[in-house]
Amino acid sequence: MLGKMHEDLDSTIAEKNNGDENNCAGGETPVIGDVGESADGAGKPEGATSPKEDSKKEEDGEIDEKTRLEEEIQDEPVEDSDAEKENIEELKLKIAELEQEVNLKNNQINELMNRLKRLQADFDNYRKRTQREKKEMAQMAGVELVEKLLPVLDNFERALKVDDDFQGENSFKQGMAMIYEQFCNILNEAGLEPIEAVGEQFDPTKHEAVMRVESSEHDDNTVVGEIRKGYRMKGKVIRPAMVQVAYKKDAEE
Numbered sequence: 048m049l050g051k052m053h054e055d056l057d058s059t060i061a062e063k064n065n066g067d068e069n070n071c072a073g074g075e076t077p078v079i080g081d082v083g084e085s086a087d088g089a090g091k092p093e094g095a096t097s098p099k100e101d102s103k104k105e106e107d108g109e110i111d112e113k114t115r116l117e118e119e120i121q122d123e124p125v126e127d128s129d130a131e132k133e134n135i136e137e138l139k140l141k142i143a144e145l146e147q148e149v150n151l152k153n154n155q156i157n158e159l160m161n162r163l164k165r166l167q168a169d170f171d172n173y174r175k176r177t178q179r180e181k182k183e184m185a186q187m188a189g190v191e192l193v194e195k196l197l198p199v200l201d202n203f204e205r206a207l208k209v210d211d212d213f214q215g216e217n218s219f220k221q222g223m224a225m226i227y228e229q230f231c232n233i234l235n236e237a238g239l240e241p242i243e244a245v246g247e248q249f250d251p252t253k254h255e256a257v258m259r260v261e262s263s264e265h266d267d268n269t270v271v272g273e274i275r276k277g278y279r280m281k282g283k284v285i286r287p288a289m290v291q292v293a294y295k296k297d298a299e300e
């Protein structure tokens, strides 16, 4: 605003100077005394002024105008300064509010990060605890199975301690058959079951062919003999059965 008022002042002075130049250019001539009159103004018409006096009046008028405008300019900065102070105060308040919001957001972020770290720690502890419990359960399952097999071991020891004079061949065989049956029952309770092989079509997922046998009585790829039993544990094959597989000679040729 101060710059604007200075510009207005300069423009006013320039316009006034231009007006004087136009008057001279339009044919107006200053009033001067007759030729031969003395230099001190003798013979000058009443009320007439010299060009020097007119110029001085114009300069005085310009000075008064400039002084008036400068006084107005000096009065303006007070209002501008007050407005600027108000704007600065408003900006300071706004900055303080924004800083408060930033601090609040930072606190929320820190709280969420701490919560995330706690959740990660809890998850790691849960995973470790689950693995430990799983391992302990597997160990306990093995312990329970061994506990059930201990009576079978006891029976084997008793059978070996019996004097040969008190048992014949048949009684020994019967005793071993009883122990075998007891042992199989315990394994069946644990989820073990034998894989059927003889008479079945060869299945590579549960049979392992170790020999091919020519046969005219069986279809090709029929299991005709079992060399070693195969077993499933809770539906999963843990050992395939070793088998003999039949083939027809004519089909082979």
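So the sequence shown is residues 48 to 300, counted in the numbering used here.
Beta carbons are placed, not taken as given, at the ideal position from N, Cα and C, and that holds for glycine.
Source: prediction; values computed, not measured.
Just grab the DSSP bridge partners of residue i for me.
i	result
valine 270	Val292
glutamate 255	Met289
arginine 279	Glu240, Val284
glutamine 248	Thr269
So residue i and residue j are supposed to be a Cβ contact under 8 Å. How far apart are they, rounded?
i	j	result
valine 245	valine 271	7 Å
tyrosine 305	glutamate 240	There is simply no residue 305 to check, as the chain begins at 48 and stops at 300 in what is shown.
methionine 280	glycine 238	6 Å
Give the secondary structure of residue i by DSSP, where H, G and I count as helix, E and B as strand, and everything else as coil.
i	result
proline 241	strand
glutamate 261	strand
For chain D, is any of its Cβ atoms less than 9 Å away from the one on residue i?
i	result
threonine 177	The question asks about chain D, but that chain is absent: this structure has only one protein chain.
**Study point:** Three or more C-beta pairs below 8 Å linking the stretch 198–208 and the stretch 223–241
**Key:** yes
**Study point:** Any 3 or more C-beta pairs closer than 8 Å across the stretch 247–264 and the stretch 288–295
**Key:** Output reads yes: the stretch 288–295 touches the stretch 247–264.
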